[in-house]
Amino acid sequence: MALRLATKLAKQNGWKKVVFEVDCLQVVEELNREGNDRIGSAVLEDIRSIRDFFDECCFTFIRRVNNSISHTLAKLAVILENLAEWKKAFPAWLYELVQMDCEGSCPAFL
362 MALRLATKLA KQNGWKKVVF EVDCLQVVEE LNREGNDRIG SAVLEDIRSI
412 RDFFDECCFT FIRRVNNSIS HTLAKLAVIL ENLAEWKKAF PAWLYELVQM
462 DCEGSCPAFL
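By full-length UniProt numbering, the letter at position 4 of the sequence shown is numbered 365, and the numbering carries on one by one without gaps.
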């Protein structure tokens, strides 16, 4: 569900080159596989249809232990009462996490 929301938000913001890091290998394999849906999930079908909007879209598997950004944001989301959105300037703590996470792991287009 979070991945579907993330793809929808990326589309709404008009982003054309995106990377989604997912901690479920089965979901990543299914989204990156050509052909019919083996799982039969309406959520995955929604994500596939949204994916077609992007010029470049990458779903990558990352273990939870290696994804400090998602883990940190998930902990924050639990205590939030409303949607948090940063469009122009990210909080310094988040910017630092992104910089550390991207060192050597981001695709060339980022």
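Glycine included, every Cβ here is placed at the ideal spot set by N, Cα and C.
Please read these numbers as outputs of a predicted model, since none were measured by experiment.
Residue i, buried or exposed, once every other Cβ within 10 Å from all chains shown has been counted against 16
i: Q373; result: exposed
i: V389; result: buried
i: A450; result: exposed
i: L364; result: buried
i: A438; result: exposed
i: A453; result: exposed
Assigned secondary structure, residue i (DSSP; H/G/I helix, E/B strand, else coil)
i: C385; result: coil
i: F470; result: Note that F470 scores 46 on pLDDT, short of 50, meaning its location in the model is unreliable; the coordinates nonetheless yield the value given after this. DSSP places F470 in coil when its eight states are reduced to three.
i: E391; result: helix
i: K372; result: helix
i: K378; result: strand
i: E457; result: helix
i: E446; result: coil
Residue i vs residue j beta-carbon contact at 8 Å
i: L392; j: F422; result: no
i: L405; j: T433; result: no
i: R412; j: C418; result: yes
i: F381; j: A367; result: yes
Reference residue i, options the options, closest by Cα
i: R425; options: K449, M362, V383; result: V383
i: K377; options: M362, A363, Q387, F414; result: F414
i: S429; options: L370, C463, A371; result: C463
i: C385; options: A371, M362, V439; result: M362
i: G375; options: R394, Q387, D416; result: D416
beta-carbon residue i near the ligand NAD non-hydrogen atom, thresh 7 Å
i: L364; result: Absence of the ligand NAD is noted for the structure shown, with no ligands found whatsoever.
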